[in-house]
Each structure stands twice: as C-alpha cells, then as structure tokens.
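For the sequence shown, our numbering begins at 61 and goes up steadily by one.
The structure appears below as structure tokens.
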Amino acid sequence: MNATLTPPGARLAVLASGRGSHLRHLYKACNQGILDAQICLVVSNNIRSSAWRFAASEGLPHWFCDTRHDAKDSAVDAALAACLLEHRIDWVITAGYLKKIGPSTLAAFPNKIINIHPALLPNYGGAGMYGQNVHRAVLAANERQSGATVHYVTAHYDEGAIIAQNHVTITQGMTPDSLAEAILKIEHPLLVHALQGLLTHHD
Ligand code: GRF
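What follows is the structure in structure tokens.
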C-alpha cells in the first residue's frame, strides 16, 4: 500500500483566544509524529490573538467564533457545533479559550472535549479562575504545590473528570509570573501525554 494513503490520525480542533503556545506545541507534536493526529481546525474569538495569527500563518483552517456581547449564546453554540462537525473533528482541545462551551457542542462531542487548566483541580478552578487570578490565589493561600490539570469539559467551568495532572513545587519568592512560567513548562508535555493516552484508548 502506498504510504501516502495511510489514514492521517485523529482530527483535532484547538480552541484558543490568546498567546497560543499550546496550539504551537500541539502542532509541532503532530508534525513530528509524537501525536497520531493533525490539527484540522483552530477556533478563536480573538482575531488579534497570537493563536489566530499562528493558525493563519501556518495555513491551518481557522474559524472566528463571534462571542461579542450582542451574539446570542445559543447561536454561538450552534455555530461552533456545526463548524466542528463540518470539519469532522474527533477531539476538541480548549487551551486558553475563556468562553463556556454550550450544550449543543457538548452534546455533539460527548467526552471528546478536553481543557488544560493551570492549577491542581478541583482546587483553584471555576468562574474567574484563569490566568494570573489562579496563580495569585494559589500564592495567597501559601500553597506548597501547584500544577496543571487536563480534564473533560462539561457545562460547568473546570469540573469535568480529571484525565491527567502534574505538579510544580512552589519555592520562596515565587511571583504569579514565575509560577505561571514554571507551570507552563509542565503544561505542554502534560497535554501531549494526555492526548496520547486518549488517542490510544478511544475509538
Ligand atoms: C494555559 O496556561 C492554560 O493552562 C490556560 O490558558 C493558558 C493558555 O496558554 N487554560 P496559551 O495561550 O496556549 O499559551
């Protein structure tokens, strides 16, 4: 059989609204064959984000999800679900995508939407717990450890079943910035590792 006819692996969609370091890392992992997958769609609600610019510059299919104030949640949800289905997506990864995933999208992709969160859930998750807010709260509580969690996405922020976690030790003098940096270093391999497991054990 001609090698070019080999099935291309799982079809991933990455939802990202910010810096896009996970998007870049996943893209690399797919290209290097570390993940048996390809990024078939990037969704963003921020066309000024690095994630969006990266998708455009690499020629990845990218779709603007219009979540501005006047957009109805149910319409956004239906459009997102339709777009993911149209691109025949197998797994959806939210990485720095701050909007809730609506019921139509959740129903169309049961147990196929995962998120990475920069703390050890079930602690330090939920509404408002993103970016620096998370790290500030962890440091204010004098925690000795923080880390990252990969989990399934449900109707409630950061509450789905945990798939994988890794820890970071908090050292004296750490700031929200330095803690975020230390956690990001473990986040990238953690997400790839979690996906490797999911792609191996699911249909
Ligand atoms: C990561 O810290 C992730 O844990 C959180 O949002 C951040 C996204 O980073 N959910 P990036 O935009 O992929 O660089």
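Built from N, CA and C at the ideal position, the CB exists for glycine as well.
Note that the structure is predicted; figures quoted are calculated from it, not measured.
For residue i, the first and last residue of its enclosing beta strand (DSSP E)
| i | result |
| --- | --- |
| residue 175 | 173 to 177 |
| residue 164 | Unbroken run through residue 164 is the alpha helix (DSSP H), 163 to 168; no beta strand (DSSP E). |
Euclidean distance between Cα positions of residue i and residue j
| i | j | result |
| --- | --- | --- |
| residue 196 | residue 186 | 15 Å |
| residue 215 | residue 128 | 20 Å |
| residue 62 | residue 68 | Model confidence at residue 62 stands at a pLDDT of 45, short of 50, so the residue's coordinates are unreliable and nothing is read from them. |
| residue 189 | residue 180 | 12 Å |
| residue 209 | residue 81 | 16 Å |
| residue 241 | residue 194 | 13 Å |
| residue 232 | residue 201 | 13 Å |
| residue 161 | residue 119 | 25 Å |
| residue 51 | residue 239 | In the structure as shown, the chain starts at 61 and stops at 263, and residue 51 therefore has no counterpart that could be examined. |
| residue 165 | residue 137 | 6 Å |
| residue 105 | residue 112 | 9 Å |
| residue 261 | residue 158 | 28 Å |
| residue 237 | residue 192 | 7 Å |
| residue 97 | residue 226 | 23 Å |
| residue 244 | residue 206 | 11 Å |
| residue 248 | residue 78 | 15 Å |
| residue 250 | residue 156 | 15 Å |
Secondary structure of residue i, DSSP reduced to three states
| i | result |
| --- | --- |
| residue 71 | strand |
| residue 153 | strand |
| residue 212 | strand |
| residue 182 | coil |
| residue 77 | coil |
| residue 258 | helix |
| residue 158 | coil |
Per DSSP, cross-strand counterpart(s) of residue i
| i | result |
| --- | --- |
| residue 207 | 227 |
Range of the contiguous alpha helix (DSSP H) that encloses residue i
| i | result |
| --- | --- |
| residue 136 | 133 to 146 |
| residue 193 | 192 to 200 |
field: Any beta strand (DSSP E) of 3 or more consecutive residues that is wholly inside the segment 215 to 239
entry: 222 to 229
- request: Scan the segment 89 to 129 and note each continuous alpha helix (DSSP H) run of 4 residues or more that stays entirely inside, going in chain order.
  value: 110 to 117
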